[in-house]
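Trainee: A single structure is presented below for examination.
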Amino acid sequence: MAQHAPWPDDPVPLALDTAPVPEYGTGSLADLLPTLAAGQGVPGLAQQIPELTPADRNCVFLIDGLGWEQIKNHPDEAPYLTSLLATSRGGTGRPITAGFPATTATSLASVGTGLPPGAHGLPGYTARNPETGELMNQLRWKPWTQPRVWQPYPTVFQLADEAGVHTAQVSSPTFQHTPLTKIALSGGSFLGRLSGEERMDLAAEQLAAGDRSLVYTYYSDVDGKGHRFGVDSDAWRGQLMYADRLAQRLAEQLPPRATLYVTADHGMIDIPFDEQSRIDFDEDWELRAGVALRGGEGRARHIYAVPGAEADVLTVWREVLGEQFWVASRDEAIAAGWFGPTVDERVYGRIGDVVAAAHDDVVITASVNEPHESAMVGMHGSMTPVEQLVPLLEVRS
């Protein structure tokens, strides 16, 4: 019997090929440090972002949560960064992409290892450990997992240090001994400083300390205020103004033969507090059916099904959410390149049986089990431009 034509109001799931996959290999965060280090003569690495010109001394200043669209939309609060927009991506005036999901743990691992998520193996804010069946928070590293087992590849900083490049990370002292730092950002010297001004001044000193230098520095509070108050808040604007001044302070101290790159790990979007915009997994029996673990975060969910229920869970999630989220099976998401061109065998089971990436201004919260995350105003994680596009602003001495 022929199937009836769909009614006009039947939901039509988003086609997976409409998801804007990150520019792995040519213009993503994972491509930045390999490109810089290759230009400094570090063996085994290649220039992957073709628009960039080599420099003897390179500094990367990563401002957590400051996406491309946030800078473009706030010229008054960020006059210096706005003045650099045309320099982005080697003077093309274009952004690069964060990678999927667009979240801190995943992005910092991509930056430091020079690998996409499918290789470094941090595919989200939380992900299942196939060895234990537990959900692991990859930002806070709980429950404890051996760092070098979870992420075995060397960092670009380690490769550069071994090749004789003066290498340093300048960040908050609280990050020095964290597992995420160990597996993503270690190599050379870690120098902890509390204030943003101290970090900028020390980063400039470290940049001048070698004939070839690779320096990384970081500022987190733009992201923190965005989560708590939103990117439309005075508190967030104040942090943007401060970060703008920090970038200018560092740029004005560059030694000769140096290049500064200002980038970010993701952008951010404010989500309204209403039932249409915030779908509560903990209160939705239909979405919970057949689900053993709920990972990821509100705009980039990894869903792990009860064994045998994978197909049913995918069907339900696609029917319920498919107009607002790109909903893919694990194999579909991998085939579409969401996590990079390939996925290592050890990483395969960390990816959800179902992966849901937000298209609309909507999140899947968990009010009972994720009360802190569910209360956030600003969110990120998916592949929309506001989350995915990040700057690569350039200042050369």
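If you read the sequence shown in the working numbering, its first letter stands for residue 122, the second for the next number, and so on. Ideal Cβ positions, reconstructed from N, Cα and C, are used throughout, including at glycine.
Going straight from the alpha carbon of Glu-144 to that of Leu-205, what length do you get?
Mentor: Translated into the one-based positions of the sequence shown, residue 144 becomes position 23. Translated into the one-based positions of the sequence shown, residue 205 becomes position 84. When rounded, the distance between both Cα atoms is 22 Å.
Trainee: What residues match up with Asn-258 in a beta bridge as DSSP calls it?
Mentor: Here residue 258 is taken as the residue at index 137 of the sequence shown, counted from 1. Bridge partners of Asn-258: Thr-247 and Lys-263.
Trainee: Got a sec? Which residues, its chain only, sit under 6 Å from Arg-522 by beta carbon, not counting five neighbours each side?
Mentor: There is no way to answer for residue 522, as the model of the chain reaches only from 122 to 518.
Trainee: Helix, strand or coil for Val-352? Go by DSSP, reduced to three states.
Mentor: The residue you call residue 352 lines up with position 231 of the sequence shown. Note: Val-352 maps to coil in three-state DSSP.
Trainee: Can you give the Cα-Cα distance for Ala-240 and Asp-465, rounded to whole angstroms?
Mentor: As a first step, residue 240 is located in the sequence shown; it is residue number 119 there, counting from the start. As a first step, residue 465 is located in the sequence shown; it is residue number 344 there, counting from the start. Cα to Cα, the separation comes out at about 5 Å.
Trainee: Quick one: grab the DSSP three-state call for Pro-141.
Mentor: In the sequence shown, residue 141 corresponds to position 20, counting from 1. Here Pro-141 sits in coil by DSSP.
Trainee: Leaving out five residues before and five after Ser-495 in sequence, what residues of the same chain have Cβ atoms less than 8 Å from its Cβ?
Mentor: Position 374 of the sequence shown, counted from the first residue, corresponds to residue 495. Here the set comprises Arg-399, Asp-401, Gly-419, Thr-486, Ala-487 and Ser-488.
Trainee: Cα separation between Ala-410 and Val-434?
Mentor: Sequence index remark: in the sequence shown, residue 410 carries index 289 (1-based). Sequence index remark: in the sequence shown, residue 434 carries index 313 (1-based). Looking at the two C-alpha atoms, the distance is approximately 7 Å.
Trainee: Fully enclosed by the region 300-372, which alpha helix (DSSP H) runs are 4 residues long or longer?
Mentor: Entirely contained in the region 300-372, the alpha helix (DSSP H) runs reaching 4 residues are, in chain order, 300-305, 317-329, 342-350 and 355-372.
Trainee: Tell me which residue opens and which closes the beta strand (DSSP E) that Leu-414 is part of.
Mentor: Along the sequence shown, read from residue 1 onward, the residue named residue 414 stands at position 293. Here the beta strand (DSSP E) through Leu-414 covers 412-418.
Trainee: Considering only their Cβ atoms, is the gap separating Gly-186 from Ala-385 smaller than 8 Å?
Mentor: Walking along the sequence shown from the start, residue 385 turns up at place 264. Walking along the sequence shown from the start, residue 186 turns up at place 65. Taking 8 Å as the Cβ cut-off, Ala-385 and Gly-186 qualify as a contacting pair.
Trainee: What did DSSP end up calling Ala-123 once you bin it into helix, strand or coil?
Mentor: Within the sequence shown, residue 123 is the residue found at index 2, counting from 1. Caution is warranted here: a pLDDT of 44 is assigned to Ala-123, below 50, making its placement in the model unreliable, and no coordinate value can be reported.
Trainee: Does the pairing of the region 229-249 with the region 465-482 give three or more beta-carbon distances under 8 Å?
Mentor: Result yes; three or more Cβ-Cβ pairs closer than 8 Å.
Trainee: When you compare only the Cα positions, how much space is there between Ala-329 and Thr-288?
Mentor: Position 208 of the sequence shown holds residue 329. Position 167 of the sequence shown holds residue 288. For Ala-329 and Thr-288, the distance between alpha carbons rounds to 11 Å.
Trainee: Does DSSP classify Val-489 as helix, strand or coil?
Mentor: Residue 489 sits at position 368 when you count from the first residue of the sequence shown. DSSP places Val-489 in coil when its eight states are reduced to three.
Trainee: Between the Cα of Gln-191 and the Cα atoms of Thr-276, Trp-357, Asp-481 and Ala-372, which residue gives the shortest distance?
Mentor: Locating residue 191 in the sequence shown gives position 70, where the first residue counts as 1. Looking at the Cα atoms, Trp-357 is the closest of the given residues.
Trainee: Going along the chain, which residues of its own chain have a beta-carbon closer than 8 Å to the beta-carbon of Gly-351, five neighbours each way excluded?
Mentor: On the sequence shown, residue 351 is found 230 positions in, with the first residue counted as 1. Hits under 8 Å: Trp-357, Asp-391, Val-498 and Gly-499.
Trainee: If you follow the alpha helix (DSSP H) that Glu-515 is part of, which residue opens it and which one closes it?
Mentor: Your numbering for residue 515 matches position 394 in the sequence shown. Not the alpha helix (DSSP H): Glu-515 falls in the beta strand (DSSP E), residues 514-517.
Trainee: Quick one: residues in its chain with C-beta nearer than 6 Å to the C-beta of Ala-430, no 5 flanking neighbours on either side, listed in chain order?
Mentor: For the purposes of this step, residue 430 is taken as residue 309 along the sequence shown, with counting starting at 1. Gly-411.
Trainee: Gly-443 to Glu-396, Cα distance in whole Å?
Mentor: Residue mapping note: residue 443 aligns to position 322 of the sequence shown, counting from 1. Residue mapping note: residue 396 aligns to position 275 of the sequence shown, counting from 1. Whole-angstrom Cα-Cα distance: 17 Å.
Trainee: Let me know the secondary structure DSSP gives Phe-394 once reduced to three states.
Mentor: As a working mapping, residue 394 is identified with position 273 in the sequence shown. Looking at Phe-394 - three-state DSSP - the assignment turns out to be coil, as it is neither helix nor strand.
Trainee: Compare the C-alpha of Phe-394 against each of Ser-341, Val-484 and Leu-375 and name the closest.
Mentor: Position 273 of the sequence shown, counted from the first residue, corresponds to residue 394. Among Ser-341, Val-484 and Leu-375, the Cα nearest to that of Phe-394 is on Val-484.
Trainee: When the Cα of Gln-259 is compared with those of Gly-245, His-348 and Leu-137, which residue comes out closest?
Mentor: Locating residue 259 in the sequence shown gives position 138, where the first residue counts as 1. Of the candidates Gly-245, His-348 and Leu-137, the one whose C-alpha sits nearest the C-alpha of Gln-259 is Gly-245.
Trainee: Taking Val-511 and Trp-189 to be in contact with their CB atoms under 8 Å, please state how far apart those CB atoms are, rounded to whole angstroms.
Mentor: Residue mapping note: residue 511 aligns to position 390 of the sequence shown, counting from 1. Residue mapping note: residue 189 aligns to position 68 of the sequence shown, counting from 1. Confirmed, Cβ separation roughly 6 Å.
Trainee: From Gln-374, Met-389 and Val-437, pick the residue whose C-alpha is nearest to that of Asp-405; which is it?
Mentor: As a first step, residue 405 is located in the sequence shown; it is residue number 284 there, counting from the start. When only C-alpha atoms are compared, the closest one is Val-437.
Trainee: Find the nearest neighbour of Ser-341 within the set Asp-355, Ala-457, Gln-360 and Ala-158, judged by alpha-carbon distance.
Mentor: Taking the first residue of the sequence shown as position 1, residue 341 is located at position 220. Among Asp-355, Ala-457, Gln-360 and Ala-158, the Cα nearest to that of Ser-341 belongs to Gln-360.
Trainee: Alpha carbon to alpha carbon, how far is His-480 from His-125? Give it in angstroms, no decimals.
Mentor: Here residue 125 is taken as the residue at index 4 of the sequence shown, counted from 1. Here residue 480 is taken as the residue at index 359 of the sequence shown, counted from 1. At His-125, the pLDDT of 45 sits below 50, so the modelled position is not reliable and the matter cannot be decided from this model.
Trainee: Taking the alpha carbon of Ser-316 as the reference point, which residue from Arg-366, Pro-268 and Glu-283 has its own alpha carbon closest?
Mentor: As a first step, residue 316 is located in the sequence shown; it is residue number 195 there, counting from the start. Measuring from the Cα of Ser-316, the nearest candidate turns out to be Arg-366.
Trainee: When we look at the beta-carbon of Arg-261 and count the other beta-carbons within 10 Å, is it buried (16 or more) or exposed?
Mentor: Residue numbering aside, residue 261 sits at position 140 when the sequence shown is read from its first letter. It is exposed - the Cβ of Arg-261 has fewer than 16 other Cβ atoms within 10 Å.
Trainee: Under a Cβ-count criterion, where at least 16 other Cβ atoms within 10 Å of its own Cβ denotes burial, should Ala-158 be classed as buried or exposed?
Mentor: Here residue 158 corresponds to residue number 37 of the sequence shown, with the count starting at 1. Ala-158 comes out buried.
Trainee: Would you mind reading off the limits of the alpha helix (DSSP H) that contains Ala-167?
Mentor: Translated into the one-based positions of the sequence shown, residue 167 becomes position 46. Segment: none, Ala-167 is in no alpha helix (DSSP H) and carries neither H nor E.
Trainee: Ala-140 and Gln-509 - do their beta-carbons sit closer together than 8 Å?
Mentor: On the sequence shown, position 388 is the one that residue 509 refers to. On the sequence shown, position 19 is the one that residue 140 refers to. No, the Cβ-Cβ distance between Gln-509 and Ala-140 is not below 8 Å.
Trainee: If Ser-503 sits next to Ala-421, beta carbons under 8 Å apart, how far is it from one beta carbon to the other, in whole angstroms?
Mentor: One-based indexing of the sequence shown puts residue 503 at position 382. One-based indexing of the sequence shown puts residue 421 at position 300. At roughly 5 Å, the Cβ-Cβ gap stays under 8 Å, so Ser-503 and Ala-421 are in contact.
Trainee: Would you mind reading off the limits of the alpha helix (DSSP H) that contains Thr-290?
Mentor: Sequence index remark: in the sequence shown, residue 290 carries index 169 (1-based). The question names Thr, yet the displayed sequence has Gln at residue 290. Careful: Gln-290 lies outside any alpha helix (DSSP H), inside the beta strand (DSSP E) at 287-292.
Trainee: Starting from the C-beta of Met-362, find all residues in its chain whose C-beta is less than 8 Å away, skip the five residues before and the five after it, and write them out in chain order.
Mentor: As a position in the sequence shown, residue 362 is number 241, starting the count at 1. Taken in chain order, the residues that qualify are Glu-198 and Ala-199.
Trainee: On the three-state DSSP scale, how would you describe Arg-178?
Mentor: Taking the sequence shown and counting its residues from 1, one reaches residue 178 at position 57. Correct three-state label for Arg-178: strand.
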